[in-house]
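In our numbering, the protein residues as written are 26 to 109.
Think of the CB as a built atom: it goes at the ideal place given N, C-alpha and C, for glycine as much as any other residue.
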């Protein structure tokens, strides 16, 4: 996820994975009920799949809520993830 020049990769897939990791860590520690996703690029599927895996690793699960939003659930503490 970084280039050989010690800089973040510009590859859209790498950006989606990096954003999902950052967002999953934030979601796990949140007390609020709504969160705005930090990724809005072309690789939304990669972002959602990666975010779901990280949320699961942190003891929660991710589910779709309508056509645009997601919900991260940590032991009944539900956080809506909004895009855009």
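Just how far apart, CA to CA, sit residue i and residue j?
i          : j           : result
residue 99 : residue 36  : 31 angstroms
residue 94 : residue 34  : 27 angstroms
residue 91 : residue 103 : 15 angstroms
residue 66 : residue 109 : 10 angstroms
residue 71 : residue 41  : 6 angstroms
residue 38 : residue 101 : 31 angstroms
residue 97 : residue 74  : 13 angstroms
Closest by CA to residue i, which one among the options?
i           : options           : result
residue 43  : 93, 78 and 84     : 78
residue 64  : 45, 85, 96 and 89 : 45
residue 106 : 47, 59, 51 and 55 : 59
residue 61  : 32, 88 and 48     : 48
residue 50  : 69, 76, 68 and 32 : 76
Taking the alpha helix (DSSP H) that residue i belongs to, which residues open and close that run?
i          : result
residue 93 : Note, residue 93: premise wrong, no alpha helix (DSSP H); not H, not E.
Which whole-angstrom value describes the C-beta separation of residue i and residue j, a residue pair presumed to lie in contact below a C-beta threshold of 8 angstroms?
i          : j          : result
residue 83 : residue 57 : Between residue 57 and residue 83 the Cβ distance is about 16 angstroms, and since that is not below 8 angstroms, they are no contact.
Taking the runs of the alpha helix (DSSP H) that are 4 residues or longer, which of them lie wholly in the segment 39-96? Runs of the alpha helix (DSSP H) spanning 4 or more residues and lying entirely within the segment 39-96 occur at 69-82, in chain order.
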